[in-house]
Amino acid sequence: MAFQFKKGKLENHLISRFLSVRTGGGVMLFALFIAVVLVLITSLILSMNAMSSRSNDIVLRKHTCRTNIRNAIVLALAKPDLFNTGQTISFSLFDEFDDSVSVTRNFWGLYETIFVSTKVQDHSYSQTVLANTFWDNSDLPSLWINPSQFKCKAGGTTIIEGKCKVPGGRFEKTTLNKTPFTGTVPVSSMIDNTDRIPELPDYLSRLKFEEIISQLPPDFIMNKGEPFDGYRSFSEPCLVTYFADNTMIEKGNISGNQIIICNGVMAFSAQVNIKDIIIIAQSILFENNFEGSLQSFARDSIITGDNCTFSYPSAFVIYSENNNNSSGKISLGVDSKLSGTILCWSIHPTIRNHFIIVLSEKSRVDGNVFCNGYTEINGVVVGHVITRNTLLHLAGGAHENTLFNCMIAEPEKINSQYGLNLLSDKEKLKKVKLLK
Amino acid sequence: MTKVEGTTLIESLVATIIILSVVGISSIIISGSLRSHTSLPELQAISVSDSLCEQIIKEGAFSEREFSKNGLKYSVSFSTYSYSQSILKMNVVATNSLNQKVGSFNYLIPNY
Chain A
1 MAFQFKKGKL ENHLISRFLS VRTGGGVMLF ALFIAVVLVL ITSLILSMNA
51 MSSRSNDIVL RKHTCRTNIR NAIVLALAKP DLFNTGQTIS FSLFDEFDDS
101 VSVTRNFWGL YETIFVSTKV QDHSYSQTVL ANTFWDNSDL PSLWINPSQF
151 KCKAGGTTII EGKCKVPGGR FEKTTLNKTP FTGTVPVSSM IDNTDRIPEL
201 PDYLSRLKFE EIISQLPPDF IMNKGEPFDG YRSFSEPCLV TYFADNTMIE
251 KGNISGNQII ICNGVMAFSA QVNIKDIIII AQSILFENNF EGSLQSFARD
301 SIITGDNCTF SYPSAFVIYS ENNNNSSGKI SLGVDSKLSG TILCWSIHPT
351 IRNHFIIVLS EKSRVDGNVF CNGYTEINGV VVGHVITRNT LLHLAGGAHE
401 NTLFNCMIAE PEKINSQYGL NLLSDKEKLK KVKLLK
Chain B
1 MTKVEGTTLI ESLVATIIIL SVVGISSIII SGSLRSHTSL PELQAISVSD
51 SLCEQIIKEG AFSEREFSKN GLKYSVSFST YSYSQSILKM NVVATNSLNQ
101 KVGSFNYLIP NY
């Protein structure tokens, strides 16, 4: 027993000595140092991973938003009758998670805007598209003149392409100003005896000068000061700036979701930058060298100076009840260009009020021209001309249904959308451009 | 005053246990975090689905198909969209090698 006791005591002593042996370095301090370093590295990796994960989540959400917007635009363009103008419709695209969208359809002059928005968790996204239903030009002749006792004469270097509807079903090649005809006209199989150009359809009544002010977008903001300087987004309410008297705007950038209304003559200098807006006035004037893209609606006249450029999609419209029996005139200056649509139409035409479109020398219209009065073509129209009569002024006097040194050419496919066929309202919308 | 010259064995053992614990816990946290948060396959699937949709619209080849790309399997199907007969609904479902759904994407295609 004594031996065993001694043996146990010895073992405890040895263990105690073994455990209390001190090494030469600070292992504990080293271990703590390593632990701290590892914790820091772990934190760094975790935070980087969290940032990467957050970035991936944002990419996923943005993609979901973009896909929702794209799909909603496809639906709104293909099925516009699901969306009444002036109303916002909210719905789920596929009755699934994260696919809710809101669609608002509004008229924007000759065109329409489709505003689509979506929200996926805390990320929201919106897009506005400019579109129109008047995109089918397939049945529209290149030149359509109303039945008349005056046959259509072509003189000088006049070039006419495409199908035509003219009085008598043929062109008379003629010598004018001592210049023999050297141009080209379509072969007889391309020319039909004309029939009466129809009245503008009821759906265009919203474009009448007397109606258009009552068709302003809902929730617009009325402004009686200076117009907004810059591009006003279509995701914001429309800003309507009203001028009570004749007004000249000399500089600035008036663009986007804005409408300018003037109860008089509205004039713009070449220093004004205009894009996508609507202008409504008694008369509208543009100085020489003006450049912009806009839709103008006037009661009396729209006159441009020389060397002006109106980019696609632009429109000049005089469409009025004409109650005071006055004339309406749209004039595109020398060397000026317009891509879009020109409409000069009296609802109650009389012998005393002549609605007239004048396309000056070296002017060019990429698009369509509609007039139930006279159209004087001295330049180039790449598109369609629908007019009651054409008119030519020479030193010897005025010649009805006579074309001289001008051109009406068939548009290439890519340009065929520039002009709207106002006589054909399709059930589907076609995209014109994306708006900011 | 006693002067401490070094570390006892028991202190070394405790230090080793601390280091191993920290290393172990860090590894578990990092690997778990990586596994639970990574979205790379879904991003990959988005890119492939978007390109596929553009290609199908361009070529007008609206046929159902299945294919694999970068370890993900894609299944493409078409149906008429409920709101309009004139719109096709294209659905792309991406699955990984374990047959787990990585993503499902719907595209509307006008047929005019």
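Chains as they are written, first to last, in our numbering: chain A, 1 to 436; chain B, 1 to 112.
Here a beta-carbon is modelled for each residue, glycine too, at the ideal position from N, C-alpha and C.
Just so we're clear, the structure is a prediction, and the values are computed from it rather than from any experiment.
With DSSP as the reference, please indicate the residues paired to residue i in a beta bridge.
i, result
"residue 184/A", "159/A"
"residue 190/A", "Partner(s): none; residue 190/A has no beta bridge."
"residue 393/A", "398/A"
"residue 107/B", "90/B"
"residue 252/A", "272/A"
"residue 196/A", "None, per the DSSP bridge assignment."
"residue 209/A", "Its beta-bridge partners do not exist; DSSP assigns none."
"residue 69/B", "72/B"
"residue 366/A", "339/A, 382/A"
"residue 112/A", "107/A, 131/A"
"residue 79/B", "89/B"
"residue 310/A", "292/A, 338/A"
Measure from the alpha carbon of residue i to the alpha carbon of each residue in the options, then state which is nearest.
i, options, result
"residue 144/A", "173/A, 111/A, 191/A", "191/A"
"residue 277/A", "283/A, 296/A, 132/A", "296/A"
"residue 62/A", "255/A, 125/A, 9/A, 39/A", "125/A"
"residue 135/A", "434/A, 435/A, 256/A, 430/A", "430/A"
"residue 72/A", "59/A, 346/A, 114/A, 54/A", "114/A"
"residue 432/A", "261/A, 95/A, 30/A, 110/A", "110/A"
"residue 111/B", "142/A, 98/A, 77/A, 100/A", "77/A"
"residue 195/A", "384/A, 217/A, 146/A", "146/A"
"residue 267/A", "261/A, 301/A, 286/A", "286/A"
"residue 85/B", "109/B, 8/B, 23/B, 100/B", "109/B"
"residue 94/A", "53/B, 75/B, 105/B", "105/B"
"residue 237/A", "67/A, 247/A, 259/A, 226/A", "259/A"
"residue 448/A", "17/A, 108/A, 119/A, 202/A", "The first residue shown for chain A is 1 and the last is 436, placing residue 448/A beyond what the model contains."
"residue 72/B", "82/B, 13/B, 100/B, 78/B", "100/B"
"residue 94/B", "81/B, 48/B, 12/B, 31/B", "48/B"
"residue 68/B", "11/B, 31/B, 44/B, 16/B", "44/B"
"residue 60/B", "97/B, 78/B, 9/B", "78/B"
"residue 386/A", "214/A, 178/A, 369/A", "369/A"
"residue 29/A", "29/B, 11/B, 87/B", "11/B"
State yes or no: is the C-beta of residue i within less than 7 Å of the C-beta of residue j?
i, j, result
"residue 367/A", "residue 388/A", "no"
"residue 186/A", "residue 160/A", "yes"
"residue 89/A", "residue 103/A", "yes"
"residue 357/A", "residue 347/A", "no"
"residue 365/A", "residue 408/A", "no"
"residue 421/A", "residue 200/A", "no"
"residue 280/A", "residue 261/A", "yes"
"residue 294/A", "residue 314/A", "yes"
"residue 255/A", "residue 231/A", "yes"
"residue 246/A", "residue 265/A", "yes"
"residue 229/A", "residue 193/A", "no"
"residue 65/A", "residue 120/A", "yes"
"residue 22/B", "residue 38/A", "yes"
"residue 363/A", "residue 379/A", "yes"
"residue 83/A", "residue 105/A", "yes"
"residue 81/B", "residue 89/B", "yes"
Between residue i and the rest of its own chain, which residues show a CB-CB distance below 6 Å, the 5 nearest in sequence each way excluded?
i, result
"residue 3/A", "Only weak support exists for where residue 3/A lies, its pLDDT of 49 falling under 50; the coordinates are left without a value."
"residue 127/A", "69, 116"
"residue 309/A", "291, 337"
"residue 13/B", "none"
"residue 56/A", "none"
"residue 31/B", "none"
"residue 210/A", "321"
Contact defined as beta carbons within less than 8 Å: I believe residue i pairs with residue j. What is the distance between those atoms, to the nearest angstrom?
i, j, result
"residue 257/A", "residue 282/A", "Rounded, the Cβ-Cβ distance is 24 Å, inconsistent with contact."
"residue 102/B", "residue 42/B", "5 Å"
"residue 376/A", "residue 162/A", "Incorrect: roughly 20 Å between the Cβ atoms, too far for contact."
"residue 158/A", "residue 405/A", "6 Å"
"residue 234/A", "residue 435/A", "5 Å"
"residue 465/A", "residue 19/B", "No answer is possible for residue 465/A: the residues shown for chain A start at 1 and end at 436."
"residue 207/A", "residue 319/A", "5 Å"
"residue 155/A", "residue 176/A", "4 Å"
"residue 118/A", "residue 138/A", "Not really, about 35 Å apart at Cβ, beyond 8 Å."
Excluding the 5 residues flanking residue i on each side, which residues of the same chain have their C-beta closer than 8 Å to its C-beta?
i, result
"residue 307/A", "288, 289, 333, 334, 335, 336"
"residue 427/A", "80, 81, 133"
"residue 216/A", "238, 240, 259"
Leaving aside the five residues before and after residue i along the sequence, list all residues of the same chain whose C-beta is less than 7 Å from its C-beta, in chain order.
i, result
"residue 222/A", "240, 242"
"residue 150/A", "167, 400, 401"
"residue 326/A", "300, 353"
"residue 75/B", "66, 93"
"residue 70/B", "44"
"residue 50/B", "none"
Listing by chain order, which chain D residues have their CB less than 7 Å from the CB of residue i?
i, result
"residue 63/A", "In the structure shown, chain D does not exist; the protein chains are A and B."
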